[in-house]
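Participant:
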Amino acid sequence: MIDLFEVYGLAPELTEHLYAIPLFSIYGINGKPLITKTIRDTKARLLLEVYNEPKGEEGFRATYAESVGLTLDELNALEANVYELMFKGVDPTLPMPIMMHEFSPMDFKIEGSGKGGTITTAHPVCYSNECDSVTFSVNNLIKHCGYSKQDAQNFYRNIKNNPFYGKRKWRIPKRGKIPFVHNVFTCNVGEGILCMWSLTQDSDTKKRVHSSERELTELDLHLVQQFAVPDIGLTNWKDVCKRWVEREKGFDWDYLSIQEQQRHLLNTIRHNSIAYNESWRNVEPSKMKEFHDIAFDDITRQVMRLYPWLANECKRQLDSRGL
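Here the sequence shown is numbered in full-length UniProt numbering, starting from 1 and rising by one per residue.
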């Protein structure tokens, strides 16, 4: 199981700044969470998923209920009540803040991998630095989310009194800060937080995408070419790369030339981009270079558009491959 994350996993220096955002659905598109905008929409989505299991996950909730000594109806009623109480007394038209907390794979429900370890189901996360968010509080709901004092007090009290969510150390983004969000798979064996980006929530497809059997269908190939650079900002990427290079390579970042720093930085962004590894590692060996070039070209050009400071290095690497 750990071997899988060594191939597809994210640099620990990136995962250190990922926060769980469990009040949002994982069932967006292309591996993204569904970020509901209002209190009303968030509550409706949470309740919908209590009573409706997605395709490919049928029976999971019944199995989970049995494992904790409940019937499925009892589990559904318990969770529905949690969400009803969570938003009680709060204006449903108010914006739903991106509620985030630090996470550990050990927190998550698990599914068997069949390989002697366990891999969690996908979970929605966001990337955030502490300077871009604030502690969840009444005053910060008023200041950063535009809540009235009464709505802020009600929502804060509801969360803090919640038996499932009340003990978390919640944070919310500062006004105007929009964190990068995506779903990840995490592994709860081994040391540290092991994560990889999720591309799909369809059970059969995700097994093929991360298989070593090279069984990708045409539909899968379209899926794994949904390349995306996590836009966490160039400053954050520099921090991730600096710490990765110093840990993995033993280099002193400050003694590297600007060109060397840019080369490592572009490589770090590419190897931690969504779908980069999945797009070419599981194809037939005869097609591997072709698919690698497609991924390399697409992601490098995305980086060029997002971060002009790296434009010359992007051009150099593209030229070196004849792309």
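Even glycine gets a Cβ: it sits at the ideal position worked out from N, Cα and C.
(1) So which of HIS144, LEU47, TRP309 has the shortest CA-CA distance to GLY176?
(2) Cα separation between GLY116 and SER198?
(3) Can you give the Cα-Cα distance for ILE35 and LEU10, rounded to whole angstroms?
(4) Tell me whether GLU111 sits in a helix, a strand or coil according to DSSP, three-state version.
(5) Identify which residue in PHE227, LYS242, GLU284, ASN272 has its Cα closest to the Cα of ASN30.
(6) Relative to the C-alpha of HIS292, which candidate in LEU310, GLN302, ARG321 has its C-alpha closest?
(7) Taking only the alpha-carbon atoms, compute the straight-line gap between LEU306 and ASN76 and give it to the nearest angstrom.
(8) Thinking just about the alpha-carbon of each residue, which of HIS101, GLU248, LYS238 is nearest to the one in PRO22?
(9) Three-state secondary structure (DSSP) at GLY322?
(10) Check whether the stretch 61-75 touches the stretch 39-49, counting contact only when three or more Cβ pairs, one atom from each stretch, lie closer than 8 Å.
(11) How big is the Cα-Cα spacing for SER273 and THR135?
(12) Are any of the Cβ atoms in chain B nearer than 9 Å to that of ILE193?
(13) Should the stretch 242-256 be called in touch with the stretch 275-284, which here means at least 3 C-beta pairs below 8 Å?
(14) What's the gap between the Cα of GLU260 and the Cα of LYS287?
(15) Going along the chain, which residues of its own chain have a beta-carbon closer than 6 Å to the beta-carbon of PHE251, five neighbours each way excluded?
(16) Please specify which runs of the beta strand (DSSP E), each continuous and at least 3 residues long, are wholly inside the stretch 125-164, giving them in chain order.
(17) Please classify ASN148 as buried or exposed, where buried requires at least 16 neighbouring CB atoms within 10 angstroms.
(18) Enumerate in chain order the residues of its own chain whose CB-to-CB distance from THR93 is below 8 Å, with the five nearest sequence positions on each side excluded.
Facilitator: This is what the structure gives:
(1) The residue given as residue 176 occupies position 176 in the sequence shown. Measuring from the Cα of GLY176, the nearest candidate turns out to be HIS144.
(2) Position 116 of the sequence shown holds residue 116. Position 198 of the sequence shown holds residue 198. Here GLY116 scores only 42 on pLDDT, less than 50, and its place in the model should not be relied on; the value that follows carries that caveat. Going by the C-alpha atoms only, they are around 21 Å apart.
(3) Here residue 35 corresponds to residue number 35 of the sequence shown, with the count starting at 1. Here residue 10 corresponds to residue number 10 of the sequence shown, with the count starting at 1. Each residue's Cα considered, the two are about 23 Å apart.
(4) Residue 111 sits at position 111 when you count from the first residue of the sequence shown. Summary for GLU111: the model assigns pLDDT 44, below 50, so the residue's position carries little reliability; its value from the coordinates is reported in the next sentence. In this structure, GLU111 counts as strand in the three-state DSSP scheme.
(5) Counting from one through the sequence shown, the residue named residue 30 turns up at place 30. Cα-wise, what sits closest to ASN30 is PHE227.
(6) For the purposes of this step, residue 292 is taken as the residue at position 292 of the sequence shown. Minimum Cα distance to HIS292 is reached at ARG321.
(7) The residue given as residue 306 occupies position 306 in the sequence shown. The residue given as residue 76 occupies position 76 in the sequence shown. Each residue's Cα considered, the two are about 44 Å apart.
(8) As a working mapping, residue 22 is identified with position 22 in the sequence shown. The option with the nearest alpha carbon to PRO22 is HIS101.
(9) Numbered from 1 along the sequence shown, position 322 holds the residue referred to as residue 322. Assigned with DSSP and collapsed to three states, GLY322 falls in coil, not helix or strand.
(10) no
(11) Locating residue 273 in the sequence shown gives position 273, where the first residue counts as 1. Locating residue 135 in the sequence shown gives position 135, where the first residue counts as 1. C-alpha separation (whole angstroms): 29 Å.
(12) In the displayed structure, chain B is absent; only one protein chain is listed.
(13) Contact fails: fewer than three Cβ-Cβ distances are below 8 Å.
(14) As a working mapping, residue 260 is identified with position 260 in the sequence shown. As a working mapping, residue 287 is identified with position 287 in the sequence shown. Straight-line Cα distance between these residues: approximately 31 Å.
(15) Taking the sequence shown and counting its residues from 1, the one referred to as residue 251 is at position 251. Beyond the five residues adjoining it in sequence on each side, PHE251 comes within less than 6 Å, by CB distance, of VAL245 in the same chain, given in chain order.
(16) 133-135
(17) As a working mapping, residue 148 is identified with position 148 in the sequence shown. The sequence given here places Ser at residue 148; Asn does not occur at that position. With fewer than 16 Cβ atoms within 10 Å of its Cβ, SER148 is classed as exposed.
(18) Taking the sequence shown and counting its residues from 1, one reaches residue 93 at position 93. These residues qualify, in order along the chain: THR38, ILE39, ARG40.
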